[in-house]
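Participant: Order-wise, the sequence lines are chains A and B.
All residue numbers for the first sequence refer to UniProt numbering, where the first residue is 1 and numbers rise by one.
All residue numbers for the second sequence refer to UniProt numbering, where the first residue is 1 and numbers rise by one.
The structure follows.
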Amino acid sequence: MEKFKLKVFRYDPTRDTEPYYKTYELPVEKGMTVLAALFKAKEEQDPTISFRYNCRAAICGSCAMRINGHATLACKVQITHLLDKYQTDTITVEPIGNVKPLKDLIYDMDWLVDKLKRIKPWFIPKEKPPVDGTEYRQDPYDHHRIDFASDCILCASCMSDCNALKANKDFLGPMVHSKAYRFAADTRDGAKKERIEAVLEDLNLEWCVRCMECTTRCPKEVQPYENIIRLRIMAAEEGYKTPGEIHAEIFEQDIYNRGLLNEMLLPMRQEGILGAIKRAPFGIKMMLKGKVNYADFFGGHKIKRLEEVQKIYKAAKEKEKEVKIKLPQIMGVIYEDKRKTRKRVNYAETGGNE
Amino acid sequence: MAELKYAFYTGCSAKGVAPELYNSTKLVAEKLGMELIELEAATCCGAGAVQEKDEFLALTINARNLALAEELGLDLLTICNTCTLMLREAKFKLDNDPELKDAVNQVLKEAGLEYKGTSEVTHFLWEVIDGVGLDKLKEMVVRPLKDFNIAPFYGCHIIRPPYLIGYEDPDNPKSIEMIIEAIGGNPVDHTARLACCGFHSFWSAEDKVTLKLTAMDAQSAKEEKADFMVTPCPLCHTQLDAMQEEAEERIGINIGMPVLHLPQMIGLAIGLKPKELGLEKHVISTKEIIQKVA
Chain A
1 MEKFKLKVFR
11 YDPTRDTEPY
21 YKTYELPVEK
31 GMTVLAALFK
41 AKEEQDPTIS
51 FRYNCRAAIC
61 GSCAMRINGH
71 ATLACKVQIT
81 HLLDKYQTDT
91 ITVEPIGNVK
101 PLKDLIYDMD
111 WLVDKLKRIK
121 PWFIPKEKPP
131 VDGTEYRQDP
141 YDHHRIDFAS
151 DCILCASCMS
161 DCNALKANKD
171 FLGPMVHSKA
181 YRFAADTRDG
191 AKKERIEAVL
201 EDLNLEWCVR
211 CMECTTRCPK
221 EVQPYENIIR
231 LRIMAAEEGY
241 KTPGEIHAEI
251 FEQDIYNRGL
261 LNEMLLPMRQ
271 EGILGAIKRA
281 PFGIKMMLKG
291 KVNYADFFGG
301 HKIKRLEEVQ
311 KIYKAAKEKE
321 KEVKIKLPQI
331 MGVIYEDKRK
341 TRKRVNYAET
351 GGNE
Chain B
1 MAELKYAFYT
11 GCSAKGVAPE
21 LYNSTKLVAE
31 KLGMELIELE
41 AATCCGAGAV
51 QEKDEFLALT
61 INARNLALAE
71 ELGLDLLTIC
81 NTCTLMLREA
91 KFKLDNDPEL
101 KDAVNQVLKE
111 AGLEYKGTSE
121 VTHFLWEVID
131 GVGLDKLKEM
141 VVRPLKDFNI
151 APFYGCHIIR
161 PPYLIGYEDP
171 DNPKSIEMII
181 EAIGGNPVDH
191 TARLACCGFH
201 SFWSAEDKVT
211 LKLTAMDAQS
221 AKEEKADFMV
231 TPCPLCHTQL
241 DAMQEEAEER
251 IGINIGMPVL
261 HLPQMIGLAI
271 GLKPKELGLE
281 KHVISTKEII
291 QKVA
């Protein structure tokens with residue numbers, strides 16, 4: 001392919017009543033990024049295109065935008081890669097999602113900044129600095145717990161494609177929650193409780209739908225989704241009894257007592273007797289459709305070898321006190337297409353050793 | 001052809017609120033030449049809930065689930081996106097952290113088990129493509145679904161996060177479309193194709209998030225004139241099918257979009273009867289689909 005089409009979201013509130021798209025035809029050049037393509041279109045064809053940029057090295061986060069429907073840094077992705085990935089001759093660039101566009105690819109950042117302010121995204125030291133003038137010290141394992149989260153460049157790619165934010169703009173969002181985790185989990189920080197309460201207000205932290213778009217979008221492998229869960233774990237450890245905590249307890253009990261979750265009794269256990277009454281019409285509907293395992297009302301069936309699970313459960317509870325789980329490093333999110341027939345091993349013949 | 005034999009991990013939903021998935025999977029798999037050895041001693045994967053309360057316990061129970069597949073010398077096959085993710089996550093952590101693997105194995109030893117890391121975690125969707133093969137599937141089609149516009153709904157945990165799943169590009173997956181085309185159907189491109197059904201925030205944000213997403217997803221398929229949606233995940237199915245009427249009420253719109261499990265759709269194309277596949281068990285009526293294939 002010698003040329004490609006760059007389809008750009010255009011909107012000037014001083015002139016346009018509605019946004020529109022304008023397409024520019026550009027040569028395919030090896031190594032050309034989307035940001036470079038935007039510059040070429042601006043310099044050679046239309047000086048009115050507006051977009052934010054700064055470092056051009058995936059460090060500052062200014063050029064985050066939606067490219068063919070997914071948020072990323074325009075300075076990080078190459079045109080040839082995108083044309084191949086989507087098997088197309090057109091690359092569409094839009095402002096990031098879930099925010100208000102101001103002009104062309106530039107969006108309103110105030111809304112995000114206001115959200116960030118709620119969790120005080122700065123270090124509030126627990127203790128006075130060391131008297132000898134050295135820096136605050138931290139155990140390597142403790143630092144490891146916040147290492148990836150500290151890499152956030154506030155580009156808002158994660159906020160752009162967040163499904164929970166799409167449904168409810170009051171959700172603080174992965175960038176804000178992840179930043180709250182970065183400070184709340186810092187052993188040198190003195191505002192852990194304050195930060196946790198800020199994200200738990202109106203159960204906001206629990207609105208996350210676990211879709212993992214944020215982690216997938218993040219250009220810096222900050223693991224925003226995982227940080228949300230880590231924050232929820234911290235909240236539970238601090239004694240906050242959230243619906244998520246109750247939910248987890250039910251799962252743990254069912255795994256111990258029968259192996260599988262008892263979905264029939266879940267509403268009553270999750271929400272109490274009032275919840276069960278509220279869910280009764282739904283339950284009846286499910287019964288009429290034959291989706292109810294009646295045995296579940298009386299505890300239901302148990303998995304085989306349950307005694308093995310119970311032994312393991314008790315031993316795991318003891319062992320966990322001495323285990324320091326390391327955060328997994330993503331090490332280059334894998335986008336490669338693995339949709340190919342792989343060599344199959346006949347385990348029966350190899351004894352599972354290959 | 002290599003042996004298509006798997007350790008079958010059913011998960012909780014197929015044994016609870018989605019019995020039609022369990023039955024249709026077994027029927028379809030048998031017809032496609034897949035042998036499923038059910039792991040009757042496997043536990044719930046924790047579904048992300050246990051993981052956020054007790055990470056080490058969650059890892060250990062899933063290490064046990066994986067060890068059960070290893071006992072059989074087989075890859076572990078799931079029919080639920082979230083189970084796939086939880087099991088793959090456990091495997092990723094254990095395979096990349098020898099100290100953690102050792103700690104987990106010390107616990108498993110109490111029950112005479114050991115996690116070695118020899119079995120892969122795979123999903124029915126992937127094995128229809130990689131194991132059975134699309135050419136063989138095409139040959140088996142006796143009732144091409146050519147009169148149907150079918151809206152794929154992937155569900156989050158079969159494409160994201162790519163560092164744990166990595167089967168296909170999470171920005172532009174094609175596996176479900178490939179299967180729809182192989183059975184003669186017309187895949188519909190809709191805006192919620194890769195969206196979230198909201199299932200996992202149901203108990204904490206039912207009104208504020210979950211039902212809005214459910215309505216937006218089903219509406220997106222309707223806007224593109226789909227006859228039905230299809231999903232490889234029972235949790236997405238429960239949310240989109242069983243909760244669709246509640247979602248409609250909250251949003252004040254009428255949708256009525258049927259949602260099929262992936263094996264049900266394949267089963268229709270390879271000649272199984274709608275009743276055998278449990279199509280009558282859906283909350284959103286599948287009558288029009290049944291009439292069309294009659």
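Glycine is no exception: its CB is placed at the ideal position from the N, C-alpha and C atoms.
Being a predicted model, the structure only gives us computed values, none of them experimental.
To which residues of the same chain is GLU349 (chain A) closer than 7 Å at the C-beta, ignoring the five residues directly before and after it?
Facilitator: Unreliable positioning characterises GLU349 (chain A) in this predicted model, as indicated by a pLDDT of 43, which lies under 50. The coordinate reading is nonetheless provided below. Hits under 7 Å: none found.
Participant: Does GLY112 (chain B) pass the burial test, meaning 16 or more other C-beta atoms within 10 Å, or should it be called exposed?
Facilitator: The residue is exposed, with fewer than 16 neighbouring Cβ atoms inside 10 Å.
Participant: Which chain A residues are close to GLU52 (chain B), counting only those with a beta carbon under 8 Å from its beta carbon?
Facilitator: Result: ILE229, ARG232, ILE233, ALA236, GLY244, ALA248.
Participant: Could you tell me if GLU206 (chain A) is buried or exposed, where buried requires 16 or more neighbouring beta carbons within 10 angstroms of its beta carbon?
Facilitator: Answer is buried; the Cβ neighbour count reaches 16.
Participant: On the DSSP bridge assignment, give the partners of MET65 (chain A) in chain order.
Facilitator: Answer is A:THR72.
Participant: Note down the Cα distance separating PRO170 (chain B) from LYS128 (chain A), rounded to an integer number of angstroms.
Facilitator: C-alpha separation (whole angstroms): 46 Å.
Participant: If I follow the unbroken alpha helix (DSSP H) through ALA151 (chain B), where does it start and stop?
Facilitator: Per DSSP, ALA151 (chain B) belongs to no alpha helix (DSSP H); it is in the beta strand (DSSP E), 149-152.
Participant: ARG10 (chain A) bridges to which residues according to DSSP?
Facilitator: ARG10 (chain A) pairs with A:TYR20.
Participant: By alpha-carbon positions, which one of A:GLU29, A:LYS7, A:TYR225, A:ALA71 ends up nearest to ASP46 (chain A)?
Facilitator: That would be A:LYS7, whose Cα lies nearest to the Cα of ASP46 (chain A).
Participant: Can you check whether the C-beta of ASN257 (chain A) is within less than 8 Å of a C-beta belonging to chain B?
Facilitator: Not one chain B Cβ lies under 8 Å of ASN257 (chain A).
Participant: Please report how far the alpha carbon of GLU2 (chain A) lies from the alpha carbon of SER175 (chain B), in whole angstroms.
Facilitator: Distance between the alpha carbons of GLU2 (chain A) and SER175 (chain B): 30 Å.
Participant: State the beta-bridge partners of residue 295 (chain B) as determined by DSSP.
Facilitator: The requested residue 295 (chain B) is not part of the displayed model; chain B covers only 1 to 294.
Participant: Within the same chain, show all residues whose beta-carbon is closer than 6 Å to that of MET140 (chain B), passing over the 5 residues directly before and after it, in chain order.
Facilitator: Counting only Cβ-Cβ distances below 6 Å, and skipping sequence neighbours, we find ILE270.
Participant: Closest by CA to GLU89 (chain B), which one among B:MET178, B:THR191, B:PRO162, B:GLY133?
Facilitator: Closest by alpha carbon: B:PRO162.
Participant: List, in chain order, every chain B residue whose beta-carbon is nearer than 8 Å to that of ALA37 (chain A).
Facilitator: Here the premise fails: no neighbours, minimum Cβ distance about 18 Å.
Participant: Helix, strand or coil: which one does DSSP assign to GLN329 (chain A)?
Facilitator: It is coil, neither helix nor strand.
Participant: Need the endpoints of the alpha helix (DSSP H) that ASP254 (chain A) sits in, please.
Facilitator: First-last of the alpha helix (DSSP H) with ASP254 (chain A): 243-257.
Participant: Does VAL345 (chain A) come out as helix, strand or coil in the three-state DSSP assignment?
Facilitator: Caution applies to VAL345 (chain A), whose pLDDT of 41 falls short of 50 and renders its modelled position unreliable; the model cannot decide the point.
Participant: For TYR6 (chain B), go through chain A and note every residue whose CB falls closer than 7 Å to its CB, in chain order.
Facilitator: Chain A residues near TYR6 (chain B): none, gap ~10 Å exceeds 7 Å.
Participant: Label ASP189 (chain A) either buried or exposed according to how many other C-beta atoms from any shown protein chain fall within 10 Å of its C-beta, with 16 as the threshold for buried.
Facilitator: Under this definition ASP189 (chain A) is a buried residue.
Participant: Sort A:ASP296, A:LEU327, A:ASN54, A:ARG15 by Cα distance to LYS15 (chain B) and report the nearest one.
Facilitator: Checking every option, the nearest Cα to that of LYS15 (chain B) belongs to A:ASP296.
Participant: Taking three-plus beta-carbon pairs below 8 Å as touching, is the segment 122-137 of chain A in contact with the segment 150-170 of chain A?
Facilitator: The segment 122-137 of chain A vs the segment 150-170 of chain A: no contact.
Participant: Relative to the C-alpha of GLU168 (chain B), which candidate in A:TYR86, A:PRO219, A:TYR141 has its C-alpha closest?
Facilitator: Residue A:TYR86 is the option with its Cα nearest to GLU168 (chain B).
Participant: Taking only the alpha-carbon atoms, compute the straight-line gap between HIS237 (chain B) and ASN81 (chain B) and give it to the nearest angstrom.
Facilitator: Rounded to whole angstroms, HIS237 (chain B) to ASN81 (chain B) spans 11 Å at the Cα level.
Participant: So is ALA226 (chain B) in contact with chain A if we call contact Cβ pairs under 8 Å?
Facilitator: Closer than 8 Å: no.
Participant: Which bits of chain A does residue 314 (chain B) rub up against, with CB to CB less than 8 Å?
Facilitator: One cannot answer for residue 314 (chain B) here, as it falls past the ends of chain B, which runs 1 to 294.
Participant: Please confirm whether VAL188 (chain B) and THR231 (chain B) have their CB atoms less than 8 Å apart.
Facilitator: Cβ atoms of VAL188 (chain B) and THR231 (chain B): not closer than 8 Å.
Participant: Alpha carbon to alpha carbon, what distance is there between LEU268 (chain B) and LEU277 (chain B)?
Facilitator: Going by the C-alpha atoms only, they are around 8 Å apart.
Participant: Assign ASP95 (chain B) to one of three DSSP states: helix, strand, or coil.
Facilitator: In this structure, ASP95 (chain B) counts as helix in the three-state DSSP scheme.
Participant: Check the Cβ of PRO328 (chain A) against every Cβ in chain B and list those closer than 7 Å, keeping chain order.
Facilitator: Those within 7 Å of PRO328 (chain A) in chain B are PHE92, LYS93, ASN96.
Participant: Alpha carbon to alpha carbon, how far is TRP111 (chain A) from CYS197 (chain B)?
Facilitator: Roughly 26 Å separates the two Cα atoms.
Participant: Taking CB distances under 8 Å as the criterion, tell me whether PHE56 (chain B) reaches chain A.
Facilitator: By this cut-off, PHE56 (chain B) is an interface position.
Participant: For MET268 (chain A), which option in A:ASN257, A:LEU260, A:ALA280 has the closest C-alpha, if you only look at C-alpha atoms?
Facilitator: Per the Cα distances, A:ALA280.
Participant: Can you check whether the C-beta of ILE61 (chain B) is within less than 8 Å of a C-beta belonging to chain A?
Facilitator: Judged by the 8 Å Cβ criterion, ILE61 (chain B) is in contact with chain A.
Participant: Would ASN98 (chain A) count as contacting chain B if we go by Cβ distances under 8 Å?
Facilitator: So no, ASN98 (chain A) is outside the interface.
Participant: Select from the segment 26-47 of chain B all residues with a C-beta closer than 8 Å to any C-beta belonging to chain A, and list them in chain order.
Facilitator: Listed in sequence order: GLU40, ALA41, ALA42, THR43, CYS44, GLY46, ALA47.
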